[in-house]
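Quick note: the first sequence uses the numbering used here, first residue 532, plus one each step.
Even glycine gets a Cβ: it sits at the ideal position worked out from N, Cα and C.
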Amino acid sequence: NVSYGILVHGYCCLGEFSKAYDLLEEMMQNSMHPDVFHYSSLISGYCKFGFLKEALKLYETMGTNGVMPNLVICITLFDGFVKEGLVNEGFEFLDKQHACGIMGSSFTYAIVINCLCKENKTKKAWEIFKLMEARGLLPDIVVYSTLINGFAKEYRIKEAFTLFGRMMKHGVVPNIITYTNLINSLCNYGRTHDAFHWFKELTMQGLIPDKILYTSMISGFCRQRDMQMAWKFYQMMEENGLLPDIVTWSCLIDGFCKSHKMDKAHFLEDKITRMGFVPNVKTYTPLIIEYCNKGDWDQAMKMYGEMKKKGISPD
RNA sequence: CCUGACCAGGAGACC
532 NVSYGILVHG YCCLGEFSKA YDLLEEMMQN SMHPDVFHYS SLISGYCKFG FLKEALKLYE
592 TMGTNGVMPN LVICITLFDG FVKEGLVNEG FEFLDKQHAC GIMGSSFTYA IVINCLCKEN
652 KTKKAWEIFK LMEARGLLPD IVVYSTLING FAKEYRIKEA FTLFGRMMKH GVVPNIITYT
712 NLINSLCNYG RTHDAFHWFK ELTMQGLIPD KILYTSMISG FCRQRDMQMA WKFYQMMEEN
772 GLLPDIVTWS CLIDGFCKSH KMDKAHFLED KITRMGFVPN VKTYTPLIIE YCNKGDWDQA
832 MKMYGEMKKK GISPD
């Protein structure tokens, strides 16, 4: 049962639901029955790929098959509603789920706070945070990190760091995501020097920088037109065995374009296509824009044509 | 005894 669970989960993560169902068929032929894990994998997968309707259908049918929805299922569906923008429907659903203890879960609050932050409503998000504490719940690392990210996106460095301090005071240990969010709040203000300080701090805490953190740093330096440091971080990244992805490359290309180093930008563009990366519209836009700004329409059109030849359509 | 499911982080123009 567990092995099938792992495989079903894998297919659901990939969005290959028919393969997941094939496996369920197979296990039933071997007189095993899907349990709550199989259902939640399917429901979560459907939600991630935007098939909330299918997820809800499964939720209805699992009960008739003798498998009771649990907290994880309820949270998954609530998140599914909210991510589809169906916030009211999500709360209506919540109202019917008190039995599974959903109102006592920090996951529920994290989902609401994340939704508010995405809409740039950190004031409201902060109120939810306080409500959570008032109700005697302890915000966890995800809740703190989510709200810190919300502040970062609204350029509220001070609030981000105050919350970080509060988190530490409550004994919640920051992870790589928390630090990345703090660093982004600094980079968004062009304070790459301070960002570097926190980068060193987190490594001193024993955390290992990952691809996203490196890319955040690189992006910050690129936006400051500090290509020396951006490149230095790219090299550090590779030295530490991390492979840049298309986002990392696009940041660097953008940085070189904005620094008017078109030879370097083209060098990278060439390099990554030869490495088999699939460029996207965000990879090409900085090149086209730089040529437009220079008034070099021929080159701009050439890049545009090259982009379309690769089957990428402009947005 | 061990193993499977749920929430948070990175890129482009203009404004």
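First and last residue of the uninterrupted alpha helix (DSSP H) at residue i
i      : result
Cys823 : Val812 to Lys825
Met806 : Met806 -> no alpha helix (DSSP H), and no H or E assigned at all.
Glu556 : Phe548 to Gln560
Val533 : Val533 to Leu545
Phe692 : Ile688 to Lys700
Ser750 : Lys742 to Arg754
Gly786 : Ile777 to Lys789
Lys584 : Leu583 to Thr595
Ile714 : Ile707 to Cys718
Ile843 : Run containing Ile843: none; DSSP gives neither H nor E here.
Leu602 : Leu602 to Lys614
Val598 : Segment: none, Val598 is in no alpha helix (DSSP H) and carries neither H nor E.
Leu678 : Ile672 to Lys684
From the options, residue whose alpha carbon lies closest to that of residue i
i      : options                           : result
Phe548 : Gly632, Ser676, Ser575 and Ala796 : Ser575
Val533 : Tyr570, Thr723 and Gly546         : Tyr570
Asn715 : Gly751, Ile739, Asp757 and Met699 : Gly751
Glu685 : Trp657, Lys763, Asn706 and Ser781 : Trp657
Leu583 : Val567, Lys627 and Lys614         : Lys614
Ala726 : Phe695, Gln560 and Thr711         : Thr711
Leu717 : Arg697, Ala683 and Asn706         : Ala683
Pro810 : Glu591, Glu837, Thr709 and Leu662 : Glu837
Ile644 : Val673, Ala831 and Lys742         : Val673
Ala665 : Thr814, Tyr640, Cys648 and Ile784 : Tyr640
Leu744 : Arg756, Gln759, Asp776 and Asp757 : Asp776
Phe730 : Val812, Cys543 and Leu713         : Leu713
Tyr815 : Ser790, Cys782 and Asp827         : Cys782
Leu678 : Phe660, Thr607, Leu573 and Leu799 : Phe660
Glu650 : Pro600, Asp626, Val618 and Ile633 : Val618
Lys627 : Met558, Asn601 and Lys833         : Asn601
Ala630 : Met599, Gly786, Gly546 and Leu647 : Met599
Cys578 : Asp553, Phe609, Gly597 and Asn596 : Phe609
Ser676 : Ala691, Tyr822 and Val603         : Ala691
Gly667 : Gly635, Glu769, Lys689 and Arg697 : Gly635
Asn596 : Thr607, Met559, Leu773 and Glu623 : Met559
Ile537 : Leu573, Asn561 and Ser562         : Leu573
Met760 : His724, Lys839 and Lys789         : His724
Val778 : Thr746, Met793, Phe764 and Tyr765 : Thr746
Arg756 : Asp671, Lys742, Lys789 and His728 : Lys789
Ala586 : Asp566, Gly702, Val567 and Thr607 : Thr607
Met593 : Val567, Lys825, Gly611 and Val603 : Val567
Phe787 : Ile642, Ile820 and Lys689         : Ile820
Met699 : Trp780, Leu669 and Asn719         : Leu669
Three-state secondary structure (DSSP) of residue i
i      : result
Gly836 : helix
Gln736 : coil
Leu662 : helix
Leu770 : Leu is not the amino acid found at residue 770; the sequence shown has Glu there. Correct three-state label for Glu770: helix.
Lys792 : coil
Leu799 : helix
Lys721 : Looking at the sequence shown, residue 721 is not Lys but Gly. Residue state, collapsed to three classes: coil.
Phe580 : coil
Val704 : coil
Met563 : coil
Gly621 : helix
Asp829 : helix
Leu668 : coil
- Task: At 4 residues or longer, and completely inside the region 624-659: list those alpha helix (DSSP H) runs for me, N to C.
- Result: 637-649
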